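Per this note's numbering, residue 161 is the first one in the sequence shown, and the count goes up by one each step.
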Amino acid sequence: MEIAKTYAKVSIVIMLAIMLLSPVHLLGQKKEAKKDTKKVEIKDSLVKSSLVSGLKFRGIGPAFTSGRISDFAVNPKNHSEFYVAVSSGHIWKTTNKGITFEPIFDNYGAYSIGCLAMDPNNSNVIWAGTGENNHQRALGYGNGVYKSVNGGKSWENMGLKESRQIGMILIDPRNSNTVYVAAEGSAWGPGGDRGLYKTTDGGKKWEKILNISENTGINNIICDPRNPDILYATSEQRRRHVFTKIGGGPE
């Protein structure tokens, strides 16, 4: 009998505790809900007041590919056609404004693509620089420069296989055989094909026209549109070790 009374008292205490604590829990939920609502309101107000408030963004792919998008090359005469370089997922092509994509680089020696360039005089000629252009621990590496003369149906490796990561490719708008390649070089070691390279025969031979050091590569190259002989290049000193790295040194 005493045991039954004890159980009854314990049950009453538990029920009272639940009744007392429930309003506190519900109050906390209401406060959290108000915070979330406030965040949404702030986000919506920022979107509505931005320069792109009239635009609706949507994902158009490529879908089911690993890594990050590193570059685009759009046909200036046909905007329905463009190429997408994926840092860890080859090259993709669309001919219907991104509704569907086709992988066009699966059978070649590099999975990581850093940049693309379309010949301004012939949209069927595409250049691809392999190797992702950054110095993070999980970056992908490549095996040089590739060229397609048939809209991505087939590709040929044009050299600079030890460049590892390529930042940009520039085609002279006056002469498609003149091409510049900004080569970063390996993030994990010195040397290799690192610096600014130039070809005047469509990639058969390359000349290094800018060399800074064994740890400093070129990550960007542009020309003056009024005078393509005037070039601007940026460099980056970098060196990664297991526990440390140099990311943008003094050189």
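Ideal placement from N, C-alpha and C gives every residue a C-beta, glycine not left out.
Just so you know, these numbers come straight off a predicted model, no measurement behind them.
(1) Fully enclosed by the stretch 304-361, which beta strand (DSSP E) runs are 3 residues long or longer?
(2) Please name the residue, chosen from Ile-372, His-239, Val-244, Asn-238, that lies closest to Phe-232 on a Cα-to-Cα basis.
(3) With DSSP run on the structure shown, which of helix, strand or coil describes Thr-197?
(4) Does the stretch 376-386 come within contact of the stretch 327-335, defined as at least 3 CB pairs closer than 8 Å?
(5) By the 10 Å Cβ neighbour count, where 16 or more other Cβ atoms means buried, how is Lys-364 classified, buried or exposed?
(6) Taking the CB atoms as reference points, tell me whether Ala-342 and Ala-277 lie closer together than 8 Å.
(7) Can you name the start and end residues of the beta strand (DSSP E) that Tyr-243 belongs to?
(8) From Glu-241 to Ser-247, what distance separates their C-alpha atoms?
(9) For Glu-316, is the classification buried or exposed, using 16 other Cβ atoms within 10 angstroms of its Cβ as the cut-off for buried?
(10) In whole angstroms, what is the alpha-carbon distance linking His-295 and Ala-347?
(11) Which value, in whole angstroms, describes the spacing of the CA atoms of Asn-387 and Lys-307?
(12) With a Cβ-Cβ cutoff of 8 Å, do Gly-352 and Glu-322 count as a contact?
(13) Return helix, strand or coil for Gln-296, following the three-state DSSP convention.
(14) Have a look at the DSSP bridge pairing and note the partners of Lys-405.
(15) Measure the alpha-carbon distance for Arg-228 versus Asn-238 and round it to whole angstroms.
(16) Which residues in the same chain have their Cβ closer than 6 Å to the Cβ of Phe-224, if we skip the five residues on either side of it in sequence?
(17) Please report the residue range of the beta strand (DSSP E) in which Asp-384 lies.
(18) Near Ile-264, what residues of its chain come up, given a Cβ to Cβ distance below 6 Å and the 5 sequence neighbours on each side ignored?
(19) Please identify the residue among Asp-384, Leu-391, Ile-273, Thr-376 whose C-alpha is closest to the C-alpha of Lys-358.
(20) Here's the rule: buried if 16 or more other CB atoms are within 10 angstroms of the residue's CB, otherwise exposed. What is Thr-404?
(21) Expressed to the nearest angstrom, what Euclidean distance is found between the alpha-carbon atoms of Gly-304 and Gly-355?
(22) Which same chain residues, not among the five before or five after Gly-408, have their C-beta less than 8 Å away from its C-beta?
(23) Quick check: the Cα distance between Thr-338 and Ile-259, rounded to an integer number of angstroms?
Let's see:
(1) 305-308, 326-331, 339-343, 355-359
(2) Val-244
(3) helix
(4) yes
(5) exposed
(6) no
(7) 242-246
(8) Straight-line Cα distance between these residues: approximately 20 Å.
(9) Burial call: exposed.
(10) Straight-line measurement puts the Cα of Ala-347 at about 6 Å from the Cα of His-295.
(11) 25 Å
(12) Closer than 8 Å, so yes.
(13) DSSP places Gln-296 outside both helix and strand once states are collapsed to three, so it counts as coil.
(14) Arg-400
(15) 25 Å
(16) Because the pLDDT at Phe-224 is just 47, under 50, the model does not fix this residue reliably, and the point stays unresolved.
(17) Taken as a continuous stretch (DSSP letters only), the beta strand (DSSP E) holding Asp-384 covers 376-384.
(18) Ile-251, Lys-253, Gly-312
(19) Taking each of Asp-384, Leu-391, Ile-273, Thr-376 in turn and checking the Cα distance to Lys-358, the smallest one comes out for Leu-391.
(20) Burial state of Thr-404 is exposed, judged by a 10 Å Cβ sphere holding fewer than 16 other Cβ atoms.
(21) 13 Å
(22) Closer than 8 Å at the Cβ level, and outside the excluded window around Gly-408, lie Glu-396, Gln-397, Arg-398.
(23) 34 Å
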